[in-house]
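Protein chains in written order, with my numbering: chain A, 13 to 300; chain B, 24 to 311; chain C, 2 to 383. Glycine residues also receive a C-beta, built at the ideal position from the N, C-alpha and C atoms. All values reported here derive from a predicted model rather than from experimental measurement.
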Amino acid sequence: MEYLIHLAILVGIYAMLGISLNLVVGFTGLLSITQAAFYGIGGYATAILLTGLGMNFFLSVIAGIVITVILSLIIGFVLSRFRGDFFALGSFGFNIIIYSVLLNWQSLTRGPLGIPGIPRPSLFGYVFSENLSFLVLVIVFAALTYLLAHFVTRSSFGRVLKAIREDEEAAAVFGYNTLVYKLTIFVISAAIASVAGSLFASYITFIDPSTFVLNESIFILSIIILGGLSSLRGSVLGAIILILLPEILRFVGFPSDIAAQMRQFVYGLLLVILMMYRPQGLVGEYKL
Amino acid sequence: MEIIPQLIVNSIIAGAIYMMIALGFNLIFSTVKFFDLGFGALAAVGGYTTFYFSNRLGWNIFVAVALGVLVAGLIGFLINKFVYTRLSKNKASSMVMLVASLGVLTAVQAVIAMLFTSQFQVLSSVLSATKVYNIYTAAITEIQLIILASGLIIAAGLALLLKWTKFGRAVRAIGDDREVSEIVGIDTRKVIGRIFFIGSAIAGLAGVLFGLDTGIEPTMGLSLLLKGVIASIIGGVGNVWGGVAGAFILGFVENFGIWKISGEWKDAIAFGVLIVFLLFRPNGLFRK
Amino acid sequence: MKNTIIWIVAAAVILGGIWLYQTKNGDQVGTLENGDQKTLNIGALLPFSGPAAFYGDQARMGVELAKEEMAATYPNLNIVVSYEDSFFTPKGGVDGYNKLKNTSGLDAVITGGSPVSMAVAALSKQDDLLQMGIFSATDLYTSPDDLTFRVTTRVSVDLENTIAFYLEKKFSRLAIVYLNNDFGASFRNSLKQKIDQDKLPISVVADEGFLLDASDFRTILLKVKQSNPDVIFIAGTTPHNAKLLVQAKELGIKTQITSVRTIEDPNLFKTAGNAADGVIFTAIFDADSDHQPTKDFIKSFFERYNTTPDTYAAEGYEGMKLTARALAKCTSVDAECLKEVMADLSDHSPMFKDFHFDQNGDPLYALFLKTIKNGQFVKLEN
Numbered sequence: 013m014e015y016l017i018h019l020a021i022l023v024g025i026y027a028m029l030g031i032s033l034n035l036v037v038g039f040t041g042l043l044s045i046t047q048a049a050f051y052g053i054g055g056y057a058t059a060i061l062l063t064g065l066g067m068n069f070f071l072s073v074i075a076g077i078v079i080t081v082i083l084s085l086i087i088g089f090v091l092s093r094f095r096g097d098f099f100a101l102g103s104f105g106f107n108i109i110i111y112s113v114l115l116n117w118q119s120l121t122r123g124p125l126g127i128p129g130i131p132r133p134s135l136f137g138y139v140f141s142e143n144l145s146f147l148v149l150v151i152v153f154a155a156l157t158y159l160l161a162h163f164v165t166r167s168s169f170g171r172v173l174k175a176i177r178e179d180e181e182a183a184a185v186f187g188y189n190t191l192v193y194k195l196t197i198f199v200i201s202a203a204i205a206s207v208a209g210s211l212f213a214s215y216i217t218f219i220d221p222s223t224f225v226l227n228e229s230i231f232i233l234s235i236i237i238l239g240g241l242s243s244l245r246g247s248v249l250g251a252i253i254l255i256l257l258p259e260i261l262r263f264v265g266f267p268s269d270i271a272a273q274m275r276q277f278v279y280g281l282l283l284v285i286l287m288m289y290r291p292q293g294l295v296g297e298y299k300l
Numbered sequence: 024m025e026i027i028p029q030l031i032v033n034s035i036i037a038g039a040i041y042m043m044i045a046l047g048f049n050l051i052f053s054t055v056k057f058f059d060l061g062f063g064a065l066a067a068v069g070g071y072t073t074f075y076f077s078n079r080l081g082w083n084i085f086v087a088v089a090l091g092v093l094v095a096g097l098i099g100f101l102i103n104k105f106v107y108t109r110l111s112k113n114k115a116s117s118m119v120m121l122v123a124s125l126g127v128l129t130a131v132q133a134v135i136a137m138l139f140t141s142q143f144q145v146l147s148s149v150l151s152a153t154k155v156y157n158i159y160t161a162a163i164t165e166i167q168l169i170i171l172a173s174g175l176i177i178a179a180g181l182a183l184l185l186k187w188t189k190f191g192r193a194v195r196a197i198g199d200d201r202e203v204s205e206i207v208g209i210d211t212r213k214v215i216g217r218i219f220f221i222g223s224a225i226a227g228l229a230g231v232l233f234g235l236d237t238g239i240e241p242t243m244g245l246s247l248l249l250k251g252v253i254a255s256i257i258g259g260v261g262n263v264w265g266g267v268a269g270a271f272i273l274g275f276v277e278n279f280g281i282w283k284i285s286g287e288w289k290d291a292i293a294f295g296v297l298i299v300f301l302l303f304r305p306n307g308l309f310r311k
Numbered sequence: 002m003k004n005t006i007i008w009i010v011a012a013a014v015i016l017g018g019i020w021l022y023q024t025k026n027g028d029q030v031g032t033l034e035n036g037d038q039k040t041l042n043i044g045a046l047l048p049f050s051g052p053a054a055f056y057g058d059q060a061r062m063g064v065e066l067a068k069e070e071m072a073a074t075y076p077n078l079n080i081v082v083s084y085e086d087s088f089f090t091p092k093g094g095v096d097g098y099n100k101l102k103n104t105s106g107l108d109a110v111i112t113g114g115s116p117v118s119m120a121v122a123a124l125s126k127q128d129d130l131l132q133m134g135i136f137s138a139t140d141l142y143t144s145p146d147d148l149t150f151r152v153t154t155r156v157s158v159d160l161e162n163t164i165a166f167y168l169e170k171k172f173s174r175l176a177i178v179y180l181n182n183d184f185g186a187s188f189r190n191s192l193k194q195k196i197d198q199d200k201l202p203i204s205v206v207a208d209e210g211f212l213l214d215a216s217d218f219r220t221i222l223l224k225v226k227q228s229n230p231d232v233i234f235i236a237g238t239t240p241h242n243a244k245l246l247v248q249a250k251e252l253g254i255k256t257q258i259t260s261v262r263t264i265e266d267p268n269l270f271k272t273a274g275n276a277a278d279g280v281i282f283t284a285i286f287d288a289d290s291d292h293q294p295t296k297d298f299i300k301s302f303f304e305r306y307n308t309t310p311d312t313y314a315a316e317g318y319e320g321m322k323l324t325a326r327a328l329a330k331c332t333s334v335d336a337e338c339l340k341e342v343m344a345d346l347s348d349h350s351p352m353f354k355d356f357h358f359d360q361n362g363d364p365l366y367a368l369f370l371k372t373i374k375n376g377q378f379v380k381l382e383n
């Protein structure tokens, strides 16, 4: 049972990440491959504030969001000048730059040594030290994320995003300030990722930069591509499948010295096959 | 200051490898117009093929190198045939192709790791005990001179190929406007197939030479590729000599950056350059 | 509507499958007694993919060899080692720990690498489970009075020999070139700290970090050369060390170079050739040792795998042996018993000479200086 709870927590966190990325990629059509950077900023904000200042977890979440909003505004603004695959490349660049900062700004983040001893959240005296209670917390945040995303995408704001996705120039001609819309959704997406990062840091209680590399952003992208772009349920489904993939492969029983590589292989193959035969993902409606 | 010559030589050495990757990458991009990230894995394929024949089977090193180049070209050709062509027939967008190529990269790297383990390997020690030449107090080894020379020869060869041969004209035509080329009667699929072969072979050669100078490991492809991409963008994507210039500029900026700042920030500097160029000169320094 | 139903059914099937699979084995922390055969479930969280995969592969070989030897020594013990890929990240470690705890059950866990050891330590302490860290050098892992142990010496202990050497040779200008990961950064930070705290007459004239995929150190070395050091300290893995030495030679750097245990790898010479000659380093594991257990280990390892062991294999081996021995002697997961057994190693001949644990579960053993001469690692004569 404990293991299931652990998996469920991870699914919850990655579902949040998936949904946040989906808002930008699936609904607005911007191929952003830098989500791990915002995930990392939230994680480190919580880690530093909780261990260094003894701040309350929930306050650190807010602090993380503030920092992320500022950074994502800048990054989003720069990226908004690019289109399509250049946007993707530029976002790669930002991911790597932020990872470098996390790794090298040793006086702040302790670099590769990481920050240990991050406490679990506490609220009015109650500490979420039991995994089950932490899971409840994650589910609450994930549900809030889902609702927020649902609200955003179903609103008229969301319709403009889809219009931008289909034909940005047309949307601009119609008088919409596409830059403002793109920036807004980019910032919202980054903020959600930051919250996921805060949860992650507190759950694992130890953080180091290795979690927030480019490959992590690619993993999150794969979740939403598998699940289906512009489908929120798809992001949750994608998170469930990709987090459980190692378990599923375990049933297949590869010899353990190549099992890990096999997983990578299946995963790469999955991306290729999905793009070739079902680019809209399992339950999505939009093809990249 | 006597260090300046060495710094310059260092930059040239760094640029030489980037140059080859940029050349192959540019060639492919100019015709198919998407960022083929799988290209990076082909450098590893080339390096490991040579490793297999020369270290495992003990064949002559030159034969092994030739095989490495050929096999890389062949595999690149096959990937194009079975994956990318199919995707472009379905009118897939360049973002779909990018994601698919990501899958290719992951899968190929995993296969190499399964076959050869993730251990760092050294290619033939025969050539690695190289002579060191001194030019104006700066040191450069024989292998590095070979890399430099090969890169320049390939660049010249490509330029000639593109300018003077019928094949080259077809390539340029496809680069300009694919649909029109098809209408005019050019067999675009065949030309692109050959381009993939040539480009991938160049990647394979880069991998082999990098391996001879440094060593090989399964994940060597991605970082080389990203640097090659940056070089291409600096020089202007699609422009052969632009890629060459971009590679050396990148080499310079990285090394002077390390000199002025420090070695840990190397990647951040390289990607910072990328973003600066994407912002201010997305078409690169040289028009096509 | 139909889609939603399919989706819910699929999710239920997947979750149900996992639940069924792991309730077969149940939640276990503790030893199973099955008749008169005791089963030991030892988890090994090692990196098997990614850039650190090589350490995991090597450590695994060491662990397997130790397991076979322990099985022969304790025939009524059924020793089961379950490996999980830790990916060398904290999340991977926590994943693997949770999985093993709930599927095969855990009596002890071996963790490879500082990031994994640190993340899992939080859990093993909660569960009062024996944890043995291997190739985990970070000072942060040290914690008193619990069941977290490790076979890797603390970086600060490792450096004592190095610093003594510097002081003896009256080196006063030190250049540090380090791999910016948990391993290299630990060494660099500790060096600087010691120099600061003890107010040593050594000034750090260059302090250059490099990344894991770095292969071109020329500009860094140029900076080092410019700073005019009288000794250079390098800490990286074999590919890095080799290229550093070759390129330093190309650049005409003749300063004394010192390094740490990871430089002792026969693969070094494939790239570095005789550029490695003259390097002095702190060794933990003497291939030419006259310490019999070490010789026996090297011999058995070679017979089993047809290759010589490196430090990762050595740590995996010793870590596993200590763990299995402790669990064999204690009838259940009895923290007091385990601590006592670990404190008293008199009936065990550790492979590392003079090995014993201090009160924090960190090891102390004979560290000595070695150098490289003509492609061989030899003890430094003084």
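Residue range 183-198 is occupied by the alpha helix (DSSP H) that includes Lys193(C). No Cβ of chain C is located within less than 9 Å of the beta carbon of Met43(B). The continuous beta strand (DSSP E) containing Ile281(C) extends over residues 281-284.
Just so you know, the alpha carbons of Ser141(B) and Phe211(C) end up roughly 20 Å apart. The DSSP-derived three-state label of Ala161(B) is strand. Residue pairing of Asp208(C) in beta bridges, as defined by DSSP: Ile177(C). Taking CB atoms only, Asn278(B) has no neighbour in chain A less than 9 Å away.
Taking a 10 Å sphere around the C-beta of Leu241(A), we find 16 or more other C-beta atoms and assign the residue as buried.
Look at Gln273(A) here: in three-state DSSP terms it is helix. Under DSSP, Pro241(B) shares a beta bridge with no residue. Taken in chain order, the complete beta strand (DSSP E) segments of 3 or more residues contained in the stretch 42-114 of chain C are 78-86, 109-113. Residues of chain B with a Cβ closer than 8 Å to the Cβ of Pro291(A) are, in chain order, Ala115, Val119.
Between Asp290(B) and Ile108(A), the gap from beta carbon to beta carbon is short of 9 Å.
Closest by C-alpha distance to Tyr56(C), out of Asn42(C), Pro76(C), Asp86(C), Val82(C), is Asp86(C). For Lys255(C), no alpha helix (DSSP H) segment is defined, and its DSSP state is neither H nor E. Distance from the CA atom of Thr153(C) to the CA atom of Ile218(B), rounded to whole angstroms, is 52 Å. When the alpha-carbon of Ser125(C) is set against those of Val82(C), Gly97(C), Pro48(C), Thr139(C), the nearest one is in Gly97(C).
Between Asp146(C) and the set Lys374(C), Gly362(C), Ala277(C), the nearest pair of CA atoms involves Gly362(C). Excluding residues up to 5 positions away in sequence, Leu42, Leu43, Ser44, Leu91 lie with their Cβ nearer than 8 Å to the Cβ of Phe99(A) in the same chain. According to DSSP, His349(C) shares a beta bridge with no other residue. Contact annotation: Pro305(B) and Ile253(B) have beta-carbon atoms that are not nearer than 9 Å. Contact of Ile221(C) with chain B by beta-carbon distance below 7 Å involves Ile281, Gly286.
Under DSSP, Leu370(C) shares a beta bridge with Thr283(C). Arg304(B) carries a coil assignment under DSSP once its states are collapsed to helix, strand and coil. Among the bridge pairs identified by DSSP, Phe358(C) is matched with Pro364(C). Here Leu101(A) carries a helix assignment [DSSP, helix/strand/coil]. Think of a sphere of 7 Å around the beta carbon of Phe218(A): the chain C residues whose beta carbon falls inside it are Pro91, Met119, Ala120, Ala123, in chain order. In this structure, Ile127(A) lies near Tyr56(A), with their beta-carbon atoms less than 9 Å apart. Three or more beta-carbon pairs drawn from the stretch 22-41 of chain A and the stretch 247-257 of chain A are found closer than 8 Å, and the two stretches are therefore classed as touching.
Around the beta carbon of Leu175(C), a 10 Å sphere encloses 16 or more other beta carbons of the protein chains shown; the residue is thus reported as buried. By the beta-carbon neighbour count (other beta carbons within 10 angstroms, threshold 16), Asp355(C) is exposed. Residue range 149-151 is occupied by the beta strand (DSSP E) that includes Thr149(C).
Contact annotation: the stretch 92-108 of chain C touches the stretch 122-137 of chain C, with at least three C-beta pairs closer than 8 Å. Of the candidates Leu146(B), Ala45(B), Ile51(B), Phe48(B), Leu146(B) places its Cα closest to the Cα of Val88(B). Between Gly69(B) and Leu128(B) the beta-carbon gap is near 15 Å, outside 8 Å, which marks them as no contact. Under the Cβ criterion (8 Å, minimum of three pairs), the stretch 256-274 of chain C does not count as touching the stretch 183-191 of chain B.
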